[in-house]
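Undergrad:
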Amino acid sequence: MKELNYDVAIIGGGVIGCAIARELSRYELDICVIEREEDVCSGTSKANSAIVHAGYDAAPGSLKAKFNVEGNRRMEQLSKDLDFPFQRNGSLVLCYSKEDQPALQALYEKGRINGVTELSILTGEEVRKMEPNVTDEVVAALYAPTGGIVCPFGLTIALAENACDNGVEFLFGTQVSAIKKRESGYDLMAGDTIIRTRCVVNASGVYADEIHNMVSEEKIHITPRKGDYCLLDKEAGTLISHTIFSLPGKMGKGVLVTPTVHGNLLTGPTATDRDWKEDTATTAEELSQITDKAKRGVKNIPFKKTITSFSGLRAHEDHDEFIVGEVVDAKGFFDAAGMESPGLSSAPAVGVWLAEKIAERTGARRKEQVIETRKGPIDPRNLSFKEREELIKKDPRYGTIVCRCEGISEGEIVDAVTRTLGAVSLDGVKRRVRAGMGRCQAGFCGPKTMEILARETGKKMEDITKNRPGSYLLTGKR
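In this note's numbering, the protein residues as written are 1344 to 1821.
Printed below as a string of structure tokens:
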């Protein structure tokens, strides 16, 4: 058996785990992130609404409310420090009848109690002046200017890269199968490896209950709640400018319609509880629910311009609340469980709070020097013609377009593979620089991207995967 030793082991390389890793990297600690997939952002964090919620929906006094509002407040500066896309585009919660207006008012009051600023209730006419494609059925709406949209891949990868630059190790393709308590820490069993650590952070998404229950007598239960989405072409991206919700129901915030930071239009999600924690298949029935519900609030949605559909699983805890903090009967074991919506919005705040608690538990001191910022991949589309010309002169690969749908060059793909925690799969490239995100969904650029991956990683073409180990795209050579 191989043995590895750390002060802190974080189980899960999603947005929560990477946020905690980034904040913990400020301390004099040996830290690892354990991720069963080949890359960060491979679970819930890659398949969600990409919304930074304002914070009016969570119950006052809850951890969801606390971390949502604080995470929203931190997101803008974080996007500048770590160079990932974020827009504070504002959100609207639509009300369709006068009978439901008291519920809208109650949502407004919750938001005020939670500390959400700038909230207001608009009439239907005021809403349609802001968003002409909102339907005539809408009689009022809650307006939250502090709501935003983010690239969930960009956020998670930026957090991970900055953590790695500050000394955090990432153990990919590593799955924890058992945990044993020791007098001064824990032994994590992962294949033929024992990971010995003083503290454990459980940020393992829909599997967080299984990890928690390995060490605690106070059991928790998480239900994977599946949500289907439709992503529309950029031609539909200007239909609306705000994130459009309907009044929340018992299964969540319902179907939304929102622009994305990359110019697409996104609709969804549905909400169906599943038994299997890998059930991410979309269904025709659920996708039709999206179209029917979305059209009630927004007219003229060109669903014929849908370029892909997908689904993700939210980690719904039975008490509808985040579980964040040290486990009572397992000292040194910290949960970040039940991190469904608004988990993405809350990640920056959860990272700071848990890092401080772990530092207190370990007695760790802050480092004298920390890398505070990170520069994302070069995006030639944001450069002037002259700047782009100079870039191509310096590196001609930026003048060779590989992904025609998104205009992604060979230089960008090479950077995605060779930078800190570089991509090792086709999806890894896609999440970093969007090669394969457009209309053809990698139909044209996939083979060339695979060639670049093989060349830059030293692998054979048939060893390149779509994502996780075993997801081969080629079966061999003739």
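A virtual CB, placed ideally from N, CA and C, is assigned to each residue, including glycine.
Quick caveat: nothing in here was measured; it's all calculated off a predicted structure.
#1: Considering Ile1374, what are the terminal residues of the beta strand (DSSP E) in which it resides?
#2: From the DSSP output, which residues share a beta bridge with Ile1587?
#3: What residues are listed by DSSP as bridge partners for Ala1679?
#4: Would you mind stating whether Pro1612 and Asp1400 have Cβ atoms separated by less than 8 Å?
#5: Quick test of your reading: Val1641 and Asn1391, contact by CB under 8 Å. State the CB separation rounded to the nearest angstrom.
#6: Which residue spans inside the region 1485-1511 form an unbroken alpha helix (DSSP H) run of at least 4?
#7: Just grab the DSSP bridge partners of Ile1352 for me.
#8: Answer with buried or exposed for Val1671, where buried requires no fewer than 16 other C-beta atoms within 10 angstroms of its C-beta.
#9: Starting from Ser1688 and walking both ways along the alpha helix (DSSP H), at which residues does that stretch end?
#10: Cutting at 8 Å between CB atoms, please list the residues of its own chain near Asn1545, excluding the five before and the five after it.
#11: Please report how far the alpha carbon of Glu1380 lies from the alpha carbon of Glu1732, in whole angstroms.
#12: For the alpha helix (DSSP H) containing Ile1359, list its first residue and its last residue.
#13: In its own chain, which residues sit with a C-beta less than 8 Å from the C-beta of Val1713, not counting the 5 before and 5 after it?
#14: For Gly1813, does the three-state DSSP call read helix, strand or coil?
#15: Using the DSSP secondary-structure output, state which residues sit across from Lys1524 in a beta bridge.
#16: For a minimum of 4 consecutive residues, which ranges assigned as the alpha helix (DSSP H) are wholly contained in the region 1743-1773?
#17: Assuming contact is defined by CB atoms lying nearer than 8 Å, are Ile1464 and Met1682 in contact in what I supplied?
#18: Looking only at its own chain, which residues have a Cβ that is under 6 Å from the Cβ of Val1558, when we skip the five neighbours before and after it?
#19: Restricting to runs no shorter than 4 residues, where is the alpha helix (DSSP H) found entirely within the region 1390-1469?
#20: Is the separation between the beta-carbon of Lys1648 and that of Val1549 shorter than 8 Å?
#21: Let me confirm a value: Gly1813 is counted as buried when at least 16 other C-beta atoms fall within 10 Å, else exposed. Which label applies?
#22: On a CA-only basis, which of Val1598, Tyr1486 and Glu1419 is nearest Met1473? Give me that one, please.
#23: If we call anything under 8 Å between Cβ atoms a contact, is Val1600 one with Ile1650?
#24: Report the CB separation of Phe1513 from Cys1507 in whole angstroms; it is logged as a contact under 8 Å.
#25: Hey, Ala1692 and Gly1497: beta-carbon distance below 8 Å or not?
#26: Starting from the C-beta of Met1822, find all residues in its chain whose C-beta is less than 8 Å away, skip the five residues before and the five after it, and write them out in chain order.
#27: DSSP three-state label for Arg1821, please.
#28: So if DSSP puts Val1477 in a beta bridge, which residue, or which two residues, is it bridged to?
#29: For Gly1668, which residues in the same chain have their Cβ closer than 8 Å to its Cβ, ignoring the five residues on either side in sequence?
#30: Between Val1412, Ala1484 and Ile1756, which has its C-alpha nearest Arg1455's C-alpha?
#31: Thr1623 and Leu1656: beta carbons closer than 8 Å?
#32: Excluding the five sequence neighbours on either side, which residues of its own chain have a C-beta within less than 7 Å of the C-beta of Lys1441, listed in chain order?
#33: The alpha helix (DSSP H) that contains Lys1737, what's its start and end?
#34: Buried or exposed: where does Phe1665 fall if 16 or more other Cβ atoms within 10 Å of its Cβ makes it buried?
#35: Using a Cβ-Cβ cutoff of less than 7 Å, which residues in the same chain neighbour Gly1606 once the five nearest sequence positions on both sides are dropped?
#36: Could you give the C-beta distance for Gln1430 and Ile1492, rounded to a whole number, given that I count them as a contact under 8 Å?
TA: Looking at the atomic coordinates:
#1: First-last of the beta strand (DSSP E) with Ile1374: Ile1374 to Glu1378.
#2: Paired residue(s): Leu1435 and Val1600.
#3: Paired residue(s): Val1667.
#4: Not closer than 8 Å, so no.
#5: Their Cβ separation, rounded to whole angstroms, is 20 Å, which puts Val1641 and Asn1391 out of contact at 8 Å.
#6: For secondary structure counted as the alpha helix (DSSP H) over 4 or more consecutive residues, the region 1485-1511 holds these complete runs in sequence order: 1495-1508.
#7: The identity of residue 1352 in the sequence shown is Ala, whereas the question assumes Ile. In the DSSP output, where bridge partners are listed per residue, Ala1352 has Cys1375 and Val1543.
#8: Val1671 sits exposed, since fewer than 16 C-beta atoms from the chains shown fall within 10 Å of its C-beta.
#9: In the DSSP annotation of this structure, the continuous segment of the alpha helix (DSSP H) that includes Ser1688 starts and ends at Gly1686 to Thr1705.
#10: Closer than 8 Å at the Cβ level, and outside the excluded window around Asn1545, lie Ile1354, Gly1355, Ala1551, Ile1554, His1555, Phe1676, Phe1677, Asp1678, Ala1679 and Ala1680.
#11: Distance between the alpha carbons of Glu1380 and Glu1732: 38 Å.
#12: Where Ile1359 is concerned, the enclosing alpha helix (DSSP H) stretches over Val1358 to Leu1367.
#13: The residues are Ser1368, Arg1369 and Asn1509.
#14: Here DSSP, grouped into helix, strand and coil, assigns Gly1813 to coil.
#15: Note: Lys1524 sits in a beta bridge opposite Tyr1529.
#16: Listed in chain order, they are 1753-1761.
#17: Their beta carbons are not under 8 Å apart, which means Ile1464 does not touch Met1682 by this criterion.
#18: The answer, listed in chain order, is Ile1522, Ala1673 and Phe1676.
#19: Counting only unbroken stretches of 4 or more residues, the alpha helix (DSSP H) elements lying wholly within the region 1390-1469 are 1406-1425 and 1444-1457, in sequence order.
#20: No, they are not a contact pair.
#21: Exposed, since its Cβ has fewer than 16 Cβ neighbours within 10 Å.
#22: Minimum Cα-Cα distance from Met1473 among the listed residues Val1598, Tyr1486 and Glu1419 corresponds to Tyr1486.
#23: The criterion of a C-beta distance shorter than 8 Å is not satisfied by Val1600 and Ile1650.
#24: That belief holds up - the Cβ atoms of Phe1513 and Cys1507 are roughly 6 Å apart, short of 8 Å.
#25: Contact: no.
#26: The displayed coordinates of the chain run from 1344 to 1821. Any statement about residue 1822 would go beyond what the structure contains.
#27: Reliability of the predicted coordinates at Arg1821 is poor, the pLDDT of 44 falling under 50, and no value is obtained from them.
#28: According to DSSP, Val1477 bridges with Val1641.
#29: So the list reads Phe1677, Asp1678, Leu1697 and Lys1700, once near-sequence residues are dropped.
#30: That would be Val1412, whose Cα lies nearest to the Cα of Arg1455.
#31: It is a contact, given that the beta carbons lie within the stated cut-off.
#32: Excluding residues within five positions, the ones whose Cβ falls inside 7 Å are Val1482.
#33: Lys1737 -> alpha helix (DSSP H) spans Phe1728 to Lys1737.
#34: By the neighbour-count rule (16 or more Cβ atoms within 10 Å), Phe1665 is buried.
#35: Same-chain partners within the cutoff: Lys1577 and Gly1580.
#36: Confirmed, about 5 Å.
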